Amino acid sequence: MLNKPNRNDVDDGVQDIQNDVNRLADSLEDVLKSWGSDAKDEAEAARRKAQALLKETPGADAGSYSRKTSRL
């Protein structure tokens, strides 16, 4: 028999996902901004920050996502 998930656990999980997405988006924005910058140090720092963030974010490694396409 399946147990119904606790609402608080689900809400916490959703909040964790939202936080991860926001941090990844901020990191991506920094990387994209650095591409237009002449400062090599700034670009390297943004790249290192993004890589570290991806390593600590659960499920963010490229192998954990399967690409699915569907037609509506």
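Residue numbers for the sequence shown follow the numbering used here, so the first one is 48 and each next one is one higher.
Every residue, glycine too, gets a C-beta built ideally from N, C-alpha and C.
As the structure is a prediction and not an experimental result, all values here were calculated from the model.
Here the alpha carbon of ILE64 sits roughly 11 Å from the alpha carbon of VAL57. If you draw a straight line from the Cα of LEU75 to the Cα of GLN62, it comes to about 20 Å. The Cβ atoms of SER81 and ALA99 lie no closer than 8 Å to each other. Contact annotation: LYS51 and ASP77 have beta-carbon atoms that are not nearer than 8 Å.
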